[in-house]
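Undergrad: Numbering follows this note's numbering, in which position 88 of the sequence shown is assigned residue number 192; successive positions increment by one, without gaps.
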Amino acid sequence: MNWMIKAVWILLAFSGSLYAGDILVVVSKDSPVDTITKRELVDLYMGRSHSLPDGSPVMKIDAPVDSPVRAEFYQALIGMKVSEVNAYWARLMFTGRATPPMSVTKPEDVAGLLARNPSALGYLPEDSENEQLKTIFVIKEDQGAP
105 MNWMIKAVWI
115 LLAFSGSLYA
125 GDILVVVSKD
135 SPVDTITKRE
145 LVDLYMGRSH
155 SLPDGSPVMK
165 IDAPVDSPVR
175 AEFYQALIGM
185 KVSEVNAYWA
195 RLMFTGRATP
205 PMSVTKPEDV
215 AGLLARNPSA
225 LGYLPEDSEN
235 EQLKTIFVIK
245 EDQGAP
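1) According to DSSP, is Ile-243 part of a helix, a strand, or is it coil?
2) Under 9 Å, do Val-130 and Leu-218 count as touching if we go by C-beta distance?
3) May I ask which residues mark the beginning and end of the alpha helix (DSSP H) holding Leu-181?
4) Using the three-state DSSP reduction, which class does Ala-191 fall into: helix, strand or coil?
5) Any idea which residues DSSP pairs Pro-205 with across the strands?
6) Between which two residues does the alpha helix (DSSP H) harbouring Asp-213 extend?
7) Quick one: residues in its chain with C-beta nearer than 6 Å to the C-beta of Tyr-227, no 5 flanking neighbours on either side, listed in chain order?
8) Given Thr-239, which residues of its chain have a CB within under 6 Å of its CB, disregarding the five upstream and five downstream residues?
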């Protein structure tokens with residue numbers, strides 16, 4: 105019985121996000137967008153806006169469903185767990201009001217999609233920076249939700 109209590113405590117300790125570090129919100133280096141506000145980012149990723157700050161349509165990219173970066177992104181940006189975000193999007197899709205960001209299956213697919221599409225917007229861990237992308241916003245490791 106004692107080992108079960110320890111196991112529960114260990115699971116609880118690791119049930120949060122395992123990603124630690126800044127998250128870069130990035131676009132293609134060919135994108136006309138150079139900056140975005142946190143409010144604009146929230147509106148885009150929560151389906152309240154469908155265009156980049158310059159007015160052009162946007163293709164939002166989400167990290168893989170089980171990615172620690174995705175969990176940290178939504179927690180830091182809006183204070184929601186991925187399961188809560190999924191439930192939110194299920195309601196919006198059911199009513200036909202919006203479609204969720206496109207989720208990739210592998211983390212490395214995010215950078216490739218962003219580099220090839222000037223209207224795409226996504227996020228990556230800080231150690232994923234590359235010359236094909238430009239950072240337009242940084243979610244700091246210690247930055248909380250609004």
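Even for Gly, the Cβ is constructed at its ideal location relative to N, Cα and C. These numbers were taken from a predicted model, which means no experiment stands behind them.
TA: From the atom records:
1) Within the sequence shown, the letter at position 139 stands for residue 243. Three-state DSSP puts Ile-243 in a strand.
2) Walking along the sequence shown from the start, residue 130 turns up at place 26. Walking along the sequence shown from the start, residue 218 turns up at place 114. Yes, the pair counts as a contact, with Cβ atoms nearer than the cut-off.
3) Here residue 181 is taken as the residue at index 77 of the sequence shown, counted from 1. Leu-181 -> alpha helix (DSSP H) spans 172 to 182.
4) Position 87 of the sequence shown, counted from the first residue, corresponds to residue 191. Helix at Ala-191.
5) Along the sequence shown, read from residue 1 onward, the residue named residue 205 stands at position 101. None, per the DSSP bridge assignment.
6) Numbered from its first residue, the sequence shown carries residue 213 at position 109. 211 to 220 is the span of the alpha helix (DSSP H), which, as asked, contains Asp-213.
7) By 1-based counting over the sequence shown, the position of residue 227 is 123. Hits under 6 Å: Ile-127, Val-129 and Phe-177.
8) Counted from its first residue, the sequence shown places residue 239 at position 135. Contacts found: Leu-128 and Val-130.
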